[in-house]
Amino acid sequence: MSDYQPKILVFSSDKISDPAIDLAGLLKKHYSPKVYNITVPCTSSVKSRWILHAFEKGIDGVFIGSDGTDCPYRSDCSDLSSKVIEQTQEVMKERGINIARVKMAALCSVCADPFVNHMKNFSESLASLGNIKNETGQSNE
Amino acid sequence: MKKDLKQKIGVYICECGGNISDYVDVEKVAKAVENEPGVYLVQTTMFTCSDSAQIEIIEGIKENNLDSMVVASCSPKLHLLTFRDVAKRAGLNQYNYVHANIREQCSWAHSDRTEEATDKAVRLVRAAIAKVRLSESLETIEIEAKNVAAIVGAGVSGLRSAIDLADQGTQVYLIERDHFVGGRTAQWGKLFPTNEDGKELVERLYKQIKERENITVFTGADIQSLDGSVGDFKLGVKISPRHITGACDEETSDQLYKVCPQETDDEFNFGLTKRKAIYKNYKNAYPENPVVDMDLCDKCGECLKVTNSNINLEQEAENITLNVGAILLNTGFDPYEPKDGEFGYKTIDNVITLPQFRRLLDMSNGSLEYNGKSIRDIAYIYCVGSRQPDGENKHCSRYCCTSAIQSALNVKSKYSDVRNFHINRGIRTYGKQETCYVDSTKQGDVYLQFFEKSFPTLEKIGDKTIITLNDALTDNETMEVSADLVVLVTGMVPRKEDTVAGILKVPIGSDKFYNEIHTKLRPVETVIDGIFIAGACQSPKNIRATMASTLSATAKANSLISTGKIELEPIIATIDTNLCEWCGKCDELCSYNAFEKVEIDGKMVAQVNKAICKGCGACAPICEVNAINIIGSSDEEVEVMIDAFVKDVQFIEDHKAKEAEKTVGKTDDTEKLKKALPEIGKKILQSLESEAKSVPEIAADIQHPADDVLYYLMSLRKYGFVKETGEINDDEYYLYELKQ
Ligand SMILES: Cc1cc2nc3c(=O)[nH]c(=O)nc-3n(C[C@H](O)[C@H](O)[C@H](O)COP(=O)(O)OP(=O)(O)OC[C@H]3O[C@@H](n4cnc5c(N)ncnc54)[C@H](O)[C@@H]3O)c2cc1C
Ligand code: SF4
Ligand code: SF4
Numbered sequence: 017m018s019d020y021q022p023k024i025l026v027f028s029s030d031k032i033s034d035p036a037i038d039l040a041g042l043l044k045k046h047y048s049p050k051v052y053n054i055t056v057p058c059t060s061s062v063k064s065r066w067i068l069h070a071f072e073k074g075i076d077g078v079f080i081g082s083d084g085t086d087c088p089y090r091s092d093c094s095d096l097s098s099k100v101i102e103q104t105q106e107v108m109k110e111r112g113i114n115i116a117r118v119k120m121a122a123l124c125s126v127c128a129d130p131f132v133n134h135m136k137n138f139s140e141s142l143a144s145l146g147n148i149k150n151e152t153g154q155s156n157e
Numbered sequence: 016m017k018k019d020l021k022q023k024i025g026v027y028i029c030e031c032g033g034n035i036s037d038y039v040d041v042e043k044v045a046k047a048v049e050n051e052p053g054v055y056l057v058q059t060t061m062f063t064c065s066d067s068a069q070i071e072i073i074e075g076i077k078e079n080n081l082d083s084m085v086v087a088s089c090s091p092k093l094h095l096l097t098f099r100d101v102a103k104r105a106g107l108n109q110y111n112y113v114h115a116n117i118r119e120q121c122s123w124a125h126s127d128r129t130e131e132a133t134d135k136a137v138r139l140v141r142a143a144i145a146k147v148r149l150s151e152s153l154e155t156i157e158i159e160a161k162n163v164a165a166i167v168g169a170g171v172s173g174l175r176s177a178i179d180l181a182d183q184g185t186q187v188y189l190i191e192r193d194h195f196v197g198g199r200t201a202q203w204g205k206l207f208p209t210n211e212d213g214k215e216l217v218e219r220l221y222k223q224i225k226e227r228e229n230i231t232v233f234t235g236a237d238i239q240s241l242d243g244s245v246g247d248f249k250l251g252v253k254i255s256p257r258h259i260t261g262a263c264d265e266e267t268s269d270q271l272y273k274v275c276p277q278e279t280d281d282e283f284n285f286g287l288t289k290r291k292a293i294y295k296n297y298k299n300a301y302p303e304n305p306v307v308d309m310d311l312c313d314k315c316g317e318c319l320k321v322t323n324s325n326i327n328l329e330q331e332a333e334n335i336t337l338n339v340g341a342i343l344l345n346t347g348f349d350p351y352e353p354k355d356g357e358f359g360y361k362t363i364d365n366v367i368t369l370p371q372f373r374r375l376l377d378m379s380n381g382s383l384e385y386n387g388k389s390i391r392d393i394a395y396i397y398c399v400g401s402r403q404p405d406g407e408n409k410h411c412s413r414y415c416c417t418s419a420i421q422s423a424l425n426v427k428s429k430y431s432d433v434r435n436f437h438i439n440r441g442i443r444t445y446g447k448q449e450t451c452y453v454d455s456t457k458q459g460d461v462y463l464q465f466f467e468k469s470f471p472t473l474e475k476i477g478d479k480t481i482i483t484l485n486d487a488l489t490d491n492e493t494m495e496v497s498a499d500l501v502v503l504v505t506g507m508v509p510r511k512e513d514t515v516a517g518i519l520k521v522p523i524g525s526d527k528f529y530n531e532i533h534t535k536l537r538p539v540e541t542v543i544d545g546i547f548i549a550g551a552c553q554s555p556k557n558i559r560a561t562m563a564s565t566l567s568a569t570a571k572a573n574s575l576i577s578t579g580k581i582e583l584e585p586i587i588a589t590i591d592t593n594l595c596e597w598c599g600k601c602d603e604l605c606s607y608n609a610f611e612k613v614e615i616d617g618k619m620v621a622q623v624n625k626a627i628c629k630g631c632g633a634c635a636p637i638c639e640v641n642a643i644n645i646i647g648s649s650d651e652e653v654e655v656m657i658d659a660f661v662k663d664v665q666f667i668e669d670h671k672a673k674e675a676e677k678t679v680g681k682t683d684d685t686e687k688l689k690k691a692l693p694e695i696g697k698k699i700l701q702s703l704e705s706e707a708k709s710v711p712e713i714a715a716d717i718q719h720p721a722d723d724v725l726y727y728l729m730s731l732r733k734y735g736f737v738k739e740t741g742e743i744n745d746d747e748y749y750l751y752e753l754k755q
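Chains as they are written, first to last, in my numbering: chain P, 17 to 157; chain A, 16 to 755.
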């Protein structure tokens, strides 16, 4: 196990998964402080280019906290995100970025424990992959 | 599109009375962000949400002519609206304010690692600053609203809703698909917990409806189409005729039922009886006239011979369009229908469902019989079609434990030699309904219990059905119950024949019932502005819960449309028409039909209808030329936030000069400090003036939720306003008093 602390970018949805992340905090359930969250109306809006931008800038992993079937907008939002992820992974392969660096899971609005577990497991698996900059070829400062 | 970047940003970092500042060094954060581009002023505050802090912020913004603001505090779920209001009062556009959540997603989440929490807070605040720099002034979308509502479904929910909405001054169209109103409630006979008759309840509500001029009732009415959007929906409705054009009194009706030769299973009685092609659901059903079922009628003409029948078999369906501001869905539920063979359903002849049993009991007179055999021992098998370990229905249907037990009480009071055996999975007669359970045990009912690991099995031997189970209450002893009638306590499921969800695009939840925006915070609104849900179409509910949600939806709908104007959030999709090539993909994908194809400068492009677009953003990734952005989550905004997250954090170690920093609401003078407290803090102090109190006592006194009180009390303790007395009260709660 490496003690590298990977940076994780989370995309959460305003009405469902973001409240779950809030709840984790409210209950003082701890996860890596290198997790940064951007809230969007629905995670089906997350674009490939955002994920790729994150990798380019030195984010080690991107996690999409999708609403699953709880989404108030559309029940197929996770399927839409899956397609975006697949397309993104094609580009990642071309660029030599490990495709395990992007991940999606459904979170309900009270899924505090599942969120914390996802962060824990994702942090660990990203730590063993090491710094993204080794893959994107940027200098390691 | 080059934006004008914001130049004078005010950044307000909240201590939250220690909830943030105990773990995040807010002064360090302030220092680390003060040189970010565009930042003009950074302040830390003790409670940013307090009135006095709000006023100071507003004055500061005006004095310094700031053009935008960032608040870094608790979750925006709590105070986004508070700070939008601050922005407005300071003369800013509310969309030139961006929030950073440094409590739930930082200080609390990382209270175990304060240094790293501080580092993260810096990044979060920087991201908010970078985002607000790009922000533009937006106007809420204002549209006109018709103070007219369509209520779909005239069960107890729809009936009640119509009455209340009409009394609040809204014009109501009540649209019922069946030819009679009342929904399922009329089917159950005596209702728990009051023993009132369902039919009487329906009658009472219907009479109130008839007294109101601003309610129009349509029966046999089916929704065909929907156009327009909130405030101005156009609902296409097809009205099937009754084929009876004038009054038809009871005597004539009886005559008609007699002469009509066409017969079918009576759905109202779940097939226990037959009805004719001319029928009523039950004798006193409303509206009063019978109806002719044209699917069954073969136009033999017998009914036409009855004098004064007023029958017209050639009457045609009518299509109308209703123009309404809001739509309330109250379409109810279906009882779960067991699969053939599930606990002997349809394979053993004395197995029926609870809805059938309610009808049987309601109709029975003198003796209790089923299939011509008299009944003494009744076994109820619970949770059929609910709480399925393997099936689709994971939910508890909530009404059925109570209804089964109430049926056992009703049947025993009508036929005293009946014996009831309740084969359950744990009884859930929550709240006041528990008294039914107590009464049933007192009358000698037997309770046996099974777990989801081993379901009871049924076998017909002679006239009896033998139910075998491993009874959890007697350490899994194998028990046999011999029953004359087996009642499957079936749960509630969404309506099978749902013609509206598709047309109205109502979101469906994972349980397949209609889905609200948020179970706790917005329980009767759907994401479609102007469409509300209430009653059993949303989730299994008894009448009490049905009425609570109904009145809530009614109030929400009325407050939305009654002023004639509606404000919508301008968070919608935008199209870069230079890039768009009209491929139609976004149009195909959008669940709300928000896109239109228009011609601009000689080419066809997509255009977003502002009143329809929900801003979910699902269309944005689909566009191959990347023409779509969502306001507030545009490529630029997301990318600058990411850049801010990864940018190095270096703390400048000169915060010895802390004293010199400008801080709102921070002072050693207790009186001034007191003034800086939020309203609730002041109320708590006031409440403690008379005597020491516990958290629940304070909560009751000042009428605030106990968890809020606890949380502010802790801050008050930290700032030296209150202390624990060290004693506990009778309910074993700690007492708090003022610290002199
Ligand atoms: C066996 C049984 C016993 C019960 N006993 C009790 C009891 O004793 N006490 C109690 O509190 N609760 C009881 N309940 C629960 C009670 O039935 C419900 O709470 C209540 O019926 C919910 O009312 P509703 O108006 O939401 O739905 P419903 O009663 O289902 O009414 C919905 C109405 O909408 C109409 N509709 C449906 N689709 C459309 C459409 N597309 N267009 C137009 N109209 C449409 C239907 O025809 C119907 O008239 C019992 C339930 C069952 C199954
Ligand atoms: S209310 Fe009782 S019978 Fe109905 S599903 Fe829940 S536990 Fe089962
Ligand atoms: S997907 Fe893009 S290019 Fe196609 S119509 Fe929509 S906005 Fe235009």
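All C-beta atoms, glycine included, are put in the ideal place defined by N, C-alpha and C. Note that the structure is a prediction, hence the values are computed from the model and not measured.
- For residue 150 of chain P, the three-state secondary structure derived from DSSP is helix.
- By DSSP's assignment, residue 336 of chain A forms a beta bridge with A/251.
- With 16 or more other Cβ atoms inside 10 Å of its own Cβ, residue 69 of chain A counts as buried.
- One Cα belongs to residue 372 of chain A, the other to residue 321 of chain A, and the distance between them is close to 35 Å.
- Residue 58 of chain P belongs to the set of residues whose beta carbon lies under 7 Å from a beta carbon in chain A.
- Restricting attention to P/132, P/77, P/88, P/85, the CA atom closest to the CA of residue 116 of chain P is found in P/77.
- For residue 149 of chain P, the closest Cβ of chain A is not nearer than 7 Å.
- Interface annotation, residue 125 of chain A: in contact with chain P, CB-CB separation under 7 Å.
- Taking C-beta atoms as the reference points, residue 549 of chain A and residue 572 of chain A fail to come closer than 7 Å.
- Neighbourhood of residue 635 of chain A in chain P, by CB distance below 7 Å: 61, 63, in chain order.
- Using a 10 angstroms sphere on the CB of residue 335 of chain A, the tally of other CB atoms stays under 16, which defines it as exposed.
- The beta carbon of residue 96 of chain P sits closer than 7 Å to some beta carbon of chain A.
- About 5 Å separates the beta carbon of residue 627 of chain A from that of residue 244 of chain A, a gap short enough to meet the 8 Å contact definition.
- As for any alpha helix (DSSP H) of minimum length 4 sitting wholly inside the region 518–584 of chain A, the runs are 558–576, ordered along the chain.
- Here residue 207 of chain A is near residue 421 of chain A, since their CB atoms are less than 7 Å apart.
- Taking residue 436 of chain A as the centre and dropping the five residues before and after it, the same chain places the C-beta of 394, 461, 496 closer than 6 Å to its C-beta, in chain order.
- Of all residues in the region 30–50 of chain A, none is placed with a Cβ closer than 7 Å to any Cβ belonging to chain P.
- Taking a contact as a CB-CB distance under 8 Å, the pair residue 40 of chain P and residue 131 of chain P counts as one, their CB atoms being some 5 Å apart.
- Annotated three-state conformation of residue 740 of chain A is strand, per DSSP.
- Shortest gap from the CB of residue 74 of chain A to any heavy atom of ligand 1: 6 Å or more.
- Look at residue 60 of chain A here: in three-state DSSP terms it is strand.
- In this structure, the beta-carbon distance from residue 545 of chain A to residue 341 of chain A falls below 7 Å.
- For residue 150 of chain A, there is no enclosing alpha helix (DSSP H), as DSSP marks it with neither H nor E.
- Interface criterion met: the Cβ of residue 533 of chain A is under 7 Å from a Cβ in chain P.
- Contact annotation: in the region 118–130 of chain P, residues whose CB is within less than 8 Å of a CB in chain A are 125.
- Annotation: Cβ neighbours of residue 586 of chain A in chain P (cutoff 8 Å, chain order): 57.
- Going by C-alpha positions, residue 144 of chain P is about 9 Å away from residue 22 of chain P.
- Residues of chain P with a Cβ closer than 7 Å to the Cβ of residue 318 of chain A do not exist; the shortest Cβ-Cβ separation is about 47 Å.
- The C-beta separation of residue 750 of chain A from residue 740 of chain A comes to about 4 Å, placing the pair in contact by the 8 Å criterion.
- Of all residues in the region 712–731 of chain A, none is placed with a Cβ closer than 8 Å to any Cβ belonging to chain P.
- Short note on residue 283 of chain A: C-beta not closer than 6 Å to any heavy atom of ligand 1.
- Residue pairing by DSSP places residue 473 of chain A opposite A/482 in a beta bridge.
- If only uninterrupted beta strand (DSSP E) runs of at least 3 residues are considered, those enclosed by the region 49–81 of chain P are 51–56.
- The C-alpha of residue 609 of chain A is placed about 38 Å away from the C-alpha of residue 400 of chain A.
- According to the DSSP assignment, residue 242 of chain A belongs to the beta strand (DSSP E) that extends over 236–244.
- Apart from the 5 residues on each side of it in sequence, residue 84 of chain P sits with its Cβ closer than 6 Å to the Cβ of 94, 122 in its chain, given in chain order.
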